[in-house]
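*Asks:*
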Amino acid sequence: MAAVISGLGGALPADVVTNDDLCRTLDSTHEWIETRTGISERRMVAKGQSTRDLAVAAGARALKSAGRDAVDAVVVATTSADRLCPAVAPEVAHELGLGTVPAYDLTSACSGFLYGLASAVGHIASGVADSVLFIGAEAFTTMVNPEDRATAPIFGDGAGAVVLRRGTPDEPGAVGPFDLGSDGSLADLLAIPAGGSRQRSATGGPVAGPVPTEDWYLHMEGRPLYVQAVERMAASSRAVLDRVGWSVRDVDVFAGHQANVRIVRAVAEELELPEERVAVNIGRVGNTLAASVPLLLLDAAVNGRLVPGNRVLLSAFGAGLSWGSTVLTWPELRVEEVV
Ligand code: UT7
Numbered sequence: 001m002a003a004v005i006s007g008l009g010g011a012l013p014a015d016v017v018t019n020d021d022l023c024r025t026l027d028s029t030h031e032w033i034e035t036r037t038g039i040s041e042r043r044m045v046a047k048g049q050s051t052r053d054l055a056v057a058a059g060a061r062a063l064k065s066a067g068r069d070a071v072d073a074v075v076v077a078t079t080s081a082d083r084l085c086p087a088v089a090p091e092v093a094h095e096l097g098l099g100t101v102p103a104y105d106l107t108s109a110c111s112g113f114l115y116g117l118a119s120a121v122g123h124i125a126s127g128v129a130d131s132v133l134f135i136g137a138e139a140f141t142t143m144v145n146p147e148d149r150a151t152a153p154i155f156g157d158g159a160g161a162v163v164l165r166r167g168t169p170d171e172p173g174a175v176g177p178f179d180l181g182s183d184g185s186l187a188d189l190l191a192i193p194a195g196g197s198r199q200r201s202a203t204g205g206p207v208a209g210p211v212p213t214e215d216w217y218l219h220m221e222g223r224p225l226y227v228q229a230v231e232r233m234a235a236s237s238r239a240v241l242d243r244v245g246w247s248v249r250d251v252d253v254f255a256g257h258q259a260n261v262r263i264v265r266a267v268a269e270e271l272e273l274p275e276e277r278v279a280v281n282i283g284r285v286g287n288t289l290a291a292s293v294p295l296l297l298l299d300a301a302v303n304g305r306l307v308p309g310n311r312v313l314l315s316a317f318g319a320g321l322s323w324g325s326t327v328l329t330w331p332e333l334r335v336e337e338v339v
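Structure follows, in structure tokens:
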């Protein structure tokens, strides 16, 4: 028994924000951003648009791709849910007309797609569900200080979704095994200090006292994170390849979390994976956290970079710290370009 990917869809907000657009109010340049990150433009939610809207759009396309109008459960990986409470997944399930199925969020930042996929696969493996809609969705630009040049150029909004169904391990699209890990001793390297129970309880009551404005936004220590990202994704990739019995030469496409094109290339170099086997789409979308890997897979599938039968290595790293990797053989899927 295995969980098999039978549908894939994505969604991006309409608003394209170029580096030059950002640099009108940010102390940076297009050249710096493109050279240091590989990003030329990203999408950002418009006023009134939220993670739920992106998740619903991507979820609808994944269901269409799978040719289904019902699933047994909905899981949303997001670190930018519409509200601190409740989870966004029940609303997403409702908006998609999926009724009263179990639905919950999972917060694992940039490794959200790998953690969420493992969780969705677990529902099928345990017999809790025969099919799961799993969505990575983020409007994370709302969590970033637009005046902070360390973070503002990096993130973008979007959503990517897969439908999983019960199948057999030898089928194309069968997901797994996984390697997952975390290191909470480095949690402060990437964090939003305010808004959670730690900050609230410090005031002795439910209403927050004065909080420095910057604490409502993401804090990021770029350099140490960069080193961790390369080391963790490379080690995790090796671990999962060992587990499945593939060598690096068996990998046709490396779909690594799009944090920074230099990180993706450095991981590939560590693994001795040639550049032509490395999927990259960060230039147009930036770092979309939990939506990054499914949007990358969709982009590669639409562009013919990823074809049925390809052996794919998926790996991600992010806040927590947390990381994860898995493998699959690419299945026949109906895919629609995200515009
Ligand atoms: O998604 C998973 C979690 N996130 C990550 O894994 C992010 C990992 N880190 C990175 O991708 C990179 O560290 C960054 C893209 C964030 C930064 O790139 P970097 O090459 O590590 O730059 P840096 O922070 O070492 O800064 C180099 C210089 C500094 O100036 P000095 O001290 O050399 O004079 C910065 O002040 O670049 C300066 N700088 C900028 N200049 C123009 C930093 N940000 C900017 C900017 N525009 N936006």
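Numbering (this note's numbering), first residue to last: 1 to 339. Backbone N, C-alpha and C fix where the C-beta goes; we use that ideal spot for every residue, glycine too.
Between which residues of its own chain and A60 is the CB-CB distance below 8 angstroms, once the five residues before and five after are set aside?
*Replies:* Here the set comprises G9, L96.
*Asks:* Cβ of G318 versus every heavy atom of the ligand UT7: is any distance shorter than 7 angstroms?
*Replies:* Yes, the ligand UT7 has a heavy atom inside 7 angstroms of this Cβ.
*Asks:* Pick out whichever of S237, A62, I282 has its Cα sitting closest to the Cα of L271.
*Replies:* Taking only the C-alpha atoms, the option nearest L271 is S237.
*Asks:* Within 10 Å of its beta-carbon, does L84 have 16 or more other beta-carbons around it, so buried, or fewer, so exposed?
*Replies:* With fewer than 16 other Cβ atoms within 10 Å, it is exposed.
*Asks:* Is it true that the CB of A70 sits closer than 8 angstroms to the CB of L98?
*Replies:* Yes; because the gap between Cβ atoms is below 8 angstroms, this pair is in contact.
*Asks:* Would the C-beta of A234 count as close to the ligand ATP, meaning under 7 angstroms from any of its heavy atoms?
*Replies:* For the ligand ATP, the structure offers nothing, since it holds only the ligand UT7.
*Asks:* Kindly indicate which residue of I192, A301, T326 has the alpha-carbon position closest to the one of W246.
*Replies:* Ranking I192, A301, T326 by Cα distance to W246 puts T326 first.
*Asks:* The ligand UT7 and A229: does the residue's C-beta get closer than 7 angstroms to at least one heavy atom of that ligand?
*Replies:* Yes, the beta carbon of A229 sits closer than 7 angstroms to at least one heavy atom of the ligand UT7.
*Asks:* Specify the secondary structure class of T18 as computed by DSSP and reduced to three states.
*Replies:* Reduced to three states, the DSSP call for T18 is strand.
*Asks:* By Cβ distance, which residues of its chain are closer than 7 angstroms to G283, with the 5 residues on each side in sequence left out?
*Replies:* The residues are G38, I39, S40.
*Asks:* Taking the beta strand (DSSP E) that W323 belongs to, which residues open and close that run?
*Replies:* That run of the beta strand (DSSP E) goes 322-329.
*Asks:* Should the region 272-292 be regarded as contacting the region 183-202, the criterion being three or more beta carbon pairs within less than 8 angstroms?
*Replies:* With a cut-off of 8 angstroms, the region 183-202 and the region 272-292 do not count as touching, because too few Cβ pairs lie within range.
*Asks:* Quick one, which of G122, V335, N145 has its alpha-carbon nearest R165's?
*Replies:* The option with the nearest alpha carbon to R165 is G122.
*Asks:* According to the neighbour-count rule (16 or more other Cβ atoms, all chains shown, within 10 Å of its Cβ), is D179 buried or exposed?
*Replies:* Buried, by the Cβ-count rule.
*Asks:* In three-state terms, what does DSSP make of D170?
*Replies:* The answer is coil: DSSP assigns D170 none of H, G, I, E or B.
*Asks:* Please give me, in chain order, every unbroken run of the alpha helix (DSSP H) with length at least 4 that falls completely inside the region 112-170.
*Replies:* Correct list: 112-125.
*Asks:* Does DSSP put V335 in a helix, in a strand, or in coil?
*Replies:* Note: V335 maps to coil in three-state DSSP.
*Asks:* Going along the chain, which residues of its own chain have a beta-carbon closer than 6 angstroms to the beta-carbon of V4, five neighbours each way excluded?
*Replies:* Taken in chain order, the residues that qualify are R165, G167, E171, G173, A174.
*Asks:* If you drop the 5 nearest sequence neighbours on each side, which residues of the same chain put their C-beta closer than 6 angstroms to that of W216?
*Replies:* Hits under 6 angstroms: A194.
*Asks:* Is T79 close to the ligand UT7? I mean its beta-carbon at under 7 angstroms from any heavy atom of the ligand.
*Replies:* Incorrect: T79 has no Cβ contact closer than 7 angstroms to the ligand UT7.
*Asks:* Quick check on DSSP: helix, strand or coil for H219?
*Replies:* Of the three classes helix, strand and coil, the one that applies to H219 here is strand, per DSSP.
*Asks:* Give the straight-line distance between the Cα atoms of P224 and L189, rounded to the nearest whole angstrom.
*Replies:* Whole-angstrom Cα-Cα distance: 8 angstroms.
*Asks:* Hey, is P153 close to the ligand UT7, as in C-beta under 7 angstroms from one of its heavy atoms?
*Replies:* P153 Cβ: within cutoff of the ligand UT7.
*Asks:* Tell me the residue span of the alpha helix (DSSP H) that contains V76.
*Replies:* Per DSSP, V76 belongs to no alpha helix (DSSP H); it is in the beta strand (DSSP E), 73-77.
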